[in-house]
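**Student:** This structure is in structure tokens; I'll ask about it shortly.
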Amino acid sequence: MLRTVIVFVLSNIVTLFMFTQGLVREPGASRQIVARPALYARALLVVLVLVPLVATAVVTLFRLPTVVGSAVILMAVCPGAPLQLNQAKAFGASPTTSMNLLMLLSVFALVTVPFWVARLDARLGVEFQASPGLVFRLLAVKLFPALVVGIAVQRLFPRAARVLAPWCNRLFTGLLIAVCVGLLFVVGPRLLQVAWLAVLALVVMVTLSALLGHWAGGPRLEDRKAVAIAAAFAHPVLSMTIISQSYPHLRALEVAGVVGSYVLIRILALVPYRLWVKRREGRGHSGHLPRGGVPA
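Just so we're aligned, residue 1267 is where the sequence shown starts under our numbering, counting upward by one.
Okay, here's the thing in structure tokens:
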């Protein structure tokens, strides 16, 4: 019973999260995409093209086993993780840029994820199944309707939205903590089984991805951090679903344990980048534009 609840919450918690984000979404935030096309073009190039190439190069360089290497690359080609918005807030990154990137990545992933999964199957001989329909159900269906409903509530009933938003956020945080505690019983043993070479490969891949994102997000530091987080994070539910659909004999909680361990390693691997950014902020490298400046 507990395992069923954990898997169900993991698969659907994103809907609650996106509804909450819609309640606090700033009006006109999407117009920034049109106002700053160069920024978002660079970000999409990094996340959708360069990060998968980096993952492939790292797997080849470290000569990871097929099972481990395919999981590393799969998570690299599944962008648009909603939880990157939480990480962006913790990092002091631009919430508007993070949300706009999430929406753009979710749209482009409908094409790029099936493309990269097909390349992965051909290269490593695995049999991952990632049809456009599957990706659409996980990204578009779970993300956009909840976000649109949240925005509609904010526009039509602004007072209700201001009251509802913190309660929805508390509920989301409580569910996330409960699921994480439950997953620790699965992820803990899995972490002990992950070879040190695979951990090192993940750290290298996350570091390179974050640095590429940091470059793409310039000139403002808050945008650099937003793109870096988007590049370093993967969509765990999408990765988990692709593995489950491709290998139905695997138990859902086992798959969640494997993906969860990789996500935890990614979060820990971002710690050096976070410390580096804080040190730059302390030295005054804020990246803010001068008055009258036009961002790229």
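From the three backbone atoms N, C-alpha and C, an ideal C-beta is built for every residue, glycine too.
Rounding to the nearest angstrom, what Cα-Cα distance links A1301 and W1433 in this structure?
**Tutor:** 33 Å
**Student:** Can the beta-carbon of L1305 be found closer than 8 Å to that of G1346?
**Tutor:** no
**Student:** How many whole angstroms separate the CB atoms of G1479 and M1284, which I take to be in contact at a CB cut-off of 8 Å?
**Tutor:** About 22 Å; that fails the 8 Å criterion.
**Student:** Quick check on this structure: which residue in L1349, A1323, R1403 has the alpha carbon closest to the alpha carbon of V1280?
**Tutor:** L1349
**Student:** Restricting to Cα atoms, I'd like to know which of L1441, L1316, S1336 is closest to V1325.
**Tutor:** Ranking L1441, L1316, S1336 by Cα distance to V1325 puts S1336 first.
**Student:** To the nearest angstrom, report how far apart P1538 and L1327 are at their CA atoms.
**Tutor:** 22 Å
**Student:** Look at Q1420 and R1291 and say whether their C-beta atoms are less than 8 Å apart.
**Tutor:** yes
**Student:** Take L1376 as the anchor and find which of P1398, P1361, V1470 has the nearest alpha-carbon.
**Tutor:** Of the candidates P1398, P1361, V1470, the one whose C-alpha sits nearest the C-alpha of L1376 is P1398.
**Student:** Using 8 Å as the threshold, is the C-beta distance between M1532 and V1472 below it?
**Tutor:** In the sequence as presented, Met is not what sits at residue 1532; that position holds Arg. For R1532 and V1472, yes; Cβs fall inside 8 Å.
**Student:** Please check the pair K1491 and A1359, which I expect to be a contact at CB under 8 Å, by giving their CB distance rounded to whole angstroms.
**Tutor:** 4 Å
**Student:** Beta-carbon within less than 7 Å of N1435's beta-carbon, same chain only, minus the 5 sequence neighbours each way: which residues are those?
**Tutor:** T1286
**Student:** So, for T1322: in the same chain, excluding its five sequence neighbours on each side, which residues have a beta-carbon less than 7 Å away from its beta-carbon?
**Tutor:** I1339
**Student:** With 16 as the cutoff for other CB atoms within 10 Å, does L1405 come out buried or exposed?
**Tutor:** In this structure L1405 is buried. Its beta-carbon is surrounded by 16 or more other beta-carbon atoms within 10 angstroms.
**Student:** At the level of alpha carbons, what is the spacing between R1389 and P1318?
**Tutor:** 13 Å
**Student:** In terms of alpha-carbon separation, which member of L1530, E1488, A1500 lies closest to A1221?
**Tutor:** The structure shown does not extend to residue 1221, since the chain is modelled only from 1267 through 1562, so no value can be given for it.
**Student:** Got a sec, what are the start and stop residues for the alpha helix (DSSP H) V1543 sits in?
**Tutor:** 1537-1548
**Student:** Nearest to W1462 by alpha carbon, out of V1312, L1311, P1331, P1293?
**Tutor:** P1331
**Student:** Starting from the C-beta of V1392, find all residues in its chain whose C-beta is less than 6 Å away, skip the five residues before and the five after it, and write them out in chain order.
**Tutor:** S1336
**Student:** Cutting at 8 Å between CB atoms, please list the residues of its own chain near D1387, excluding the five before and the five after it.
**Tutor:** Within the same chain, Cβ atoms closer than 8 Å to the Cβ of D1387 are found at E1393, F1394, the five residues on either side in sequence being excluded.
**Student:** Which two residues bound the contiguous alpha helix (DSSP H) that contains E1292?
**Tutor:** That residue, E1292, is in no alpha helix (DSSP H); it is neither H nor E in DSSP.
**Student:** Kindly indicate the opening and closing residues of the alpha helix (DSSP H) around Q1350.
**Tutor:** 1350-1357
**Student:** If you draw a straight line from the alpha carbon of G1558 to that of A1476, how long is it in whole angstroms?
**Tutor:** Its pLDDT being 38, under 50, G1558 is placed unreliably by the model, and the measurement read from it follows with that caveat. In this structure, the alpha-carbon of G1558 lies about 29 Å from that of A1476.
**Student:** By the 10 Å Cβ neighbour count, where 16 or more other Cβ atoms means buried, how is P1502 classified, buried or exposed?
**Tutor:** buried
**Student:** Nearest to V1407 by CA position, among L1422, A1427, A1384, V1373, is which residue?
**Tutor:** V1373
**Student:** State the start and end residues of the unbroken alpha helix (DSSP H) segment that holds S1360.
**Tutor:** Looking at the DSSP string, S1360 is not in any alpha helix (DSSP H), and its letter there is neither H nor E.
**Student:** At the level of alpha carbons, what is the spacing between G1440 and A1498?
**Tutor:** 25 Å
**Student:** Among V1312, V1383, V1320, which one has its Cα closest to the Cα of L1367?
**Tutor:** V1312
**Student:** Could you check how far apart the C-beta atoms of A1535 and L1468 are, in whole angstroms? I think they sit under 8 Å.
**Tutor:** 6 Å
**Student:** For P1514, is the classification buried or exposed, using 16 other Cβ atoms within 10 angstroms of its Cβ as the cut-off for buried?
**Tutor:** exposed
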